[in-house]
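Chains as they are written, first to last, in my numbering: chain A, 1 to 410; chain B, 1 to 461; chain C, 1 to 180; chain D, 1 to 986.
For glycine and all other residues, C-beta sits at the position ideal for the given N, C-alpha and C.
Since the structure is predicted, the reported quantities are computational estimates derived from the model, not experimental observations.
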């Protein structure tokens, strides 16, 4: 209750002193309620509503809290269909407006609703997103190759210049000139004739070969930047980035399981039952989902007895079988952002492998990342002991055995 | 000019001049091989190929094709490994230790002994590789920076010590050998006529590194040989000590024994010299080196064998005593089991071949007979193989918990691989005897005047 | 003014040695001596300095020892950077000295490895010996049974030749080299 | 997440479009198991990826096609189209259910991953190795894949119509339902309805090993044909005449009670006498074991009755009588005799001793054995006379398991309608007209009433793998009904049971009115001593295979027998002395493998040829034993032609054996039977223990400057810190361990341990991570040899020979997780290292396979992958079978060729445990910490936990006086430790 009063206060104040508006709402954003609300919104609403103006399946909810009364919202959310039945004009209006589809029901407990409401009242100023500099990574690939090309070109030109110069001189001396191949050949013979040269040349080659093989050995199993074609041109940029759908909405098992889980088609259908036109690709790509599950967009219904076709997504992050990785461990227990390993997913139209996914990469992170012990009862006793043991040092994952073999290999 | 008392028997027979030596040593390289050579070569080649087949089969199918089991995880593989390493010891010892002790008789045999060392170690090196479950990952035993974050080796492991010891030993003794070879290659190079065999000429020119025998070079040459000898000597001892630690540092009764390092080193010399004899007695016939590898050399070696043999015997007795004296029932049973358990026959053959038979060398007649020596040396080789077998298998097959006790018997693959390495060894050695100066002629020439029979008689008058 | 190179060939190392001493006593400078095998006392006779091969070996040895030490410390003990000390069989790998018993073998091997190889390389390097180098010996027989003394004489070489003959040179060849 | 928040499944749901519901509710949708597997080739090619993450197979199939050695393999991932709510890929679900195959009963928890059962956990009660292994039988590709008619595939519709028609046509002839003992009340009701529908239906129950003796005796004594329930925990004295109640006799829950009744800490430990012929598991655990010939049993029992009645008796019984008198109405007398008169004597004794309603209860009977051999015999006779029109079999395999199988098979020809509901096209089914294959337990609905008042429910944990239908549904459809699930549901709701709750728990209890029994009437007739010198036979069931219904289960086939330690075989057990007289012997060949003589066994007109002879200490003189359950001919590739069929000899008493030439090759994993006077299993007697709890737990001490110290306090090392965080320890109580081998199977299931087959086992290359060592006592001891001034050589050679009637000890041995591990220090590449939680970690993918660690392991618990055991037709067991592979645990890698493996202390379970704790932000509860072996142990002999947690059970045990380290003088500081064995003898 306190919270709601608080938010009411803000409202009135906001109306009275617009000049302070920003400052206060800012403060509100920081308030716990709003944070909770945000969570609830993410997990329940984002799939149909944006917090901004743009309409998805349902209307954009900007300023809805000011437009509608709180009780009204509560009724609507708890069971819109009943509410409509009760004959509330606004409700019916919306029902009509949104092609006779009532909103699905959510039975929130009071405090949750309060939180949600608080959030709706104080929409975020802008979503800040983690972004990693991937252009750099790409550049390197380019740079090295171009470098080599330039060098090669330069050398060729040099050869050409020298030979032509030589020919000029020879002409002036009245000797017969020689073509570039001749020169190269003669030079080569000259070079080979001297044993010493051969020896050193072979040494040089040896070193090059060794270096190369060493690099390849290091590089085995490193597939970063791997960016395969997907059967459906699904854009994370559109979904996660622009529409701000929470990763956890589709990859729900990431918080429960070792697998982040490729969302099953019915998850797609949650929204795409009604959205059948995409920003970039129009209807073509979304049609593929319908094709898979057997959904008729015109009648908006599943086709009875349809022989469903599985969607064969191409797996991008392939960790070798011999190592055990658990998403929930990192996301829930470790409180790691998805982007830490997967890079700026919300900026990718086509997803590529951001990290190396080598053991070195894992271990380095474990050596530097601090364990999220605060407020986790499991750690309380251990934490004290460790504080004893490593006085003052920050307790990284490796200090609780995070780089031991059998933590991942069994 | 260093003179030598005439009581000492000559080490170079017949009336040889420097040129004769040159000619004799170069002959095998220049001339055609005689039929003995071809027979032996063909034989060993067959064995070699058979061995390769068995190895391929093992790597293709799995170590399961050997006779090993959950209790006896090492048997013939490591037995052969230690056996070959042991053989690989005499060479360096002869060239290094005897050099330090200024033993002239080494001149005649050191080249071949060293060759044997290197070829022996090559065979030995095979086994740690192929006995692995996943030999294609063998490079993991070297500290190479890697993408595993990065993951290194365990330097507490005797096996890793082996890796370092053996690779060092192999390379250093090869270098030692080659340094000595350079002048002799030069000799052959200079005898080769461009017209007759240009390829050969080119080859030996490469091998000779452009040696020209300048005074300063000879001065450095002698110092380097001396220092290398100084390095090689402790190396020899270290290598087999470390090999012995594979067992000595473990907990298995019959392995966990502090006497192992000296005992293994002596055993190695013992078997090494035996193998040198086996080889030289064949070689002096095959490439007619009778004048340079004399019965005197053989006798000297026999004396060493007699000595080391007795030492090894002492070690066996000591082990038994310690087992009894320790009062540890596991130790006691381990040794009781060796002598009276299911593998008693291995123990008996070890004892008789290594301890009793060499005692025959107390008789000069046997000591100075090529035939007897040849036969006895074979016996010693067999005996030493059994020693390793006894140590490895009989210790493993009954250790702490009787519930895990079992036994081992080899499959045809085990045997095939062993024979294969013998074949490989002889292939290498025979090729060597046809292409390399088998006697260090440069060094030999230095003792011609002091130990050549003709000169000795002349000095006598 | 013209220079000559004399190649005096001897059949026996002892005679050569005598003749070297003789010539040196007459302050005739000997360019080089080629022999099929090392001759004792020749280096003194020619007044060579002691070679420093042994010293290099020692230095390389120390190098090897330190390398081994650092390697082991880095991998088994330090935990610096990418090194990864683990609990292996409860062995006390907290400090170097606690773990040293199991390091001794490898330390030793490293020492020998470095000393042996680097010295040999130095030896080859100093002697300019490398695969494919061509011989500098003026007479191929010097690797067989002939001993060759190389001298440079200015002007008349008669007495030198006399001397060589008298000290037992079996044959003497000469080569003109004109210089400007 | 608040429970009130529900995920939202599309607007369609709101408009209640049926399809969504069907999609949503459909528990086991298309993607689940084999439709994919057997369905399309593409997935078959997939299954060679090494870590069998189920996702990769099924709901989330991956097709890996490696383009080039160093190229990224393109991996296709197929998510569920419609993901069932309760299945979260990568998270295990547990369902409470029941296992009952007509022989073994257990209430269990089934662990499933992505809708695929992978492990059986016992539901807070007991189970045994066969129950543990039944999950593999589910994925047996030898199972019938559709109904058969005359061994040709056919669809259910026609089967039903034809059968129905034929049944309805039957007028006067009999219809017989031949089933195993039925525990399910609902099934009984269905059968009743069935009998009501059709004319003169008879329902005959049989047990593979008949228990008519007991049942009939109780009929006479109490007027009810029921088996009593025994409370071995309440008894102070247990006298068993050949009853192997710890393994196979009657119900299999006695082990738990037995061990509860033998707790030395409380000082209350039952005294257990075993008078038997074969060395049984029970005999091996007895405090006093007396060898008798089968023919003596009756006499001895009547003599005991005499004794109880104060008459004179056989002196062999004197101790027994004393302790019986000392413990009035606190004893149990049991006998394995199938002779009614003998059982009447037993009843008389128990009644005289006042055991009824104290330790034995007839008013709360056990329902596990209700077979009736008399009816069976009648049936066969009737069949011969052609009075039987229709025969429907369920859960039985009479053509194989009857002593009169031959007659049965011939008589079968006279039956017009023959229907089998077997899972396999087995010996019986192949003779039937119709086979209507039943579901496997794990695919079925059901209920069971194993014991008075106790009920448990069975629910499917996977959609049927094949086109099968469970027996009950078949019966229903033949009486024109359907849907057993619904039937069952309302059967119980009618009885007022909260269906969902009890389904969730898996069991519930009803208090019904007690069984009415007559007052006890003693009808016992004393039996004379018919002891003969002839060679007598006693048939037994092995601990591994039981009655052989699961003999196509490679896990069970490779589970070594606790006593003989041999697997993949049955054989003639015989005592050393008898063997000597008959010129028979066992010997080891050059690679240590065991060989034995071969004999022909003849009893009356029955003969088995070429039976191998296994010399077994403890076998009574001039007797032999044979195990049933082997010699199957139509079981499947693993079970066919393993051993010989001993069922024909079920009621043979005397046999004649004649030696034949040749030798037989056994696969025995323990070739050496005695402890050689070593202090491996530390043992003491109850009386000594009560005097001094640490008795028998003597520790080597070493002289140091601090005085004499035990090894673990003498160390040159500065210790690594194990006190922070967890320190996982496992305690093994040798007093509670009865050696049943359940943990071995549990471990095998949990850790994807391969089956290697007879030839490899014979080469001592068994792969089990844990083994249960069995040691016999020997007549020769160190003390004795001192007295007799024997030489060490003689002493040891005599020690190798077990006594004629030895004392037996069992010792489970797995990786000891030494904190000063010899194996770790010798690995060149640090593939095995130590964790800060006291675990010895084996990193398969780092291993290069030098096997040095295995050599240097004093316990010899490390196992090497000599070959590629998966995906290799040379090892054609479940790992080379697309269906069989579904049992693999996705959290554990399948090891490749050339690496060492060993017990990991179920690291995957530990990690999961910690992770869940971290995620929920709660400290770990001691009870949750479990390894596969510990959780499966029915006698709670293995206790796992965190020793740094001062209020954990394992910490208490660590500090118990009985705790000791195996081979403590080596000072390897194991994390696994033992509790001394205590026998109740003075």
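Residue 138 of chain D carries a helical assignment under DSSP once its states are collapsed to helix, strand and coil.
The continuous alpha helix (DSSP H) containing residue 98 of chain C extends over residues 96-99. The Cβ of residue 190 of chain B sits closer than 8 angstroms to at least one Cβ of chain C. Residue 644 of chain D sits buried, since 16 or more C-beta atoms from the chains shown fall within 10 Å of its C-beta. The alpha carbon of residue 97 of chain B has as its nearest neighbour, out of B/302, B/403, B/113, B/306, the alpha carbon of B/113. For residue 327 of chain B, there are no neighbours in chain A by C-beta distance under 7 angstroms, as the nearest C-beta there is about 39 angstroms away. Nearest to residue 259 of chain A by alpha-carbon distance, out of A/97, A/349, A/328, is A/328.
The continuous beta strand (DSSP E) containing residue 625 of chain D extends over residues 623-628. The C-beta of residue 952 of chain D comes no closer than 8 angstroms to any C-beta of chain A. Counted as a single uninterrupted DSSP element, the beta strand (DSSP E) harbouring residue 945 of chain D occupies residues 942-946. When the alpha-carbon of residue 946 of chain D is set against those of D/915, D/910, D/966, D/965, the nearest one is in D/910. The Cβ atoms of residue 867 of chain D and residue 854 of chain D lie no closer than 8 angstroms to each other.
Residue 362 of chain A reaches chain B at 149, counting residues in chain order whose Cβ is nearer than 8 angstroms.
With respect to chain D, the C-beta atom of residue 49 of chain A has no partner C-beta closer than 8 angstroms.
One Cα belongs to residue 108 of chain B, the other to residue 437 of chain B, and the distance between them is close to 11 angstroms.
In the three-state DSSP reduction, residue 839 of chain D falls in the coil class, being neither helix nor strand.
DSSP places residue 866 of chain D outside any alpha helix (DSSP H), giving it a letter other than H or E.
Listed in chain order, the non-local C-beta contacts of residue 262 of chain A below 6 angstroms within the same chain comprise 313, local neighbours out to five positions each way being set aside. Remark: C-beta atoms of residue 555 of chain D and residue 748 of chain D approach each other more closely than 8 angstroms.
Here residue 213 of chain A is exposed: its Cβ has fewer than 16 other Cβ atoms, across all protein chains shown, within 10 Å. At a cut-off of 8 angstroms between beta carbons, residue 402 of chain B contacts chain D.
The residue from D/231, D/573, D/845 with its alpha-carbon nearest to that of residue 138 of chain B is D/845. The CB of residue 199 of chain A comes closer than 7 angstroms to the CB of 130, 131, 132 in chain C, given here in chain order.
For the pair of segments examined, the region 691-701 of chain D was found not to touch the region 918-930 of chain D: the number of CB pairs separated by less than 8 angstroms stays below three. DSSP, read as helix, strand or coil, puts residue 611 of chain D in strand. Membership of residue 113 of chain A in the alpha helix (DSSP H) is indicated by the continuous run 110-121.
Judged by DSSP in its simplified three-state form, residue 691 of chain D adopts helix.
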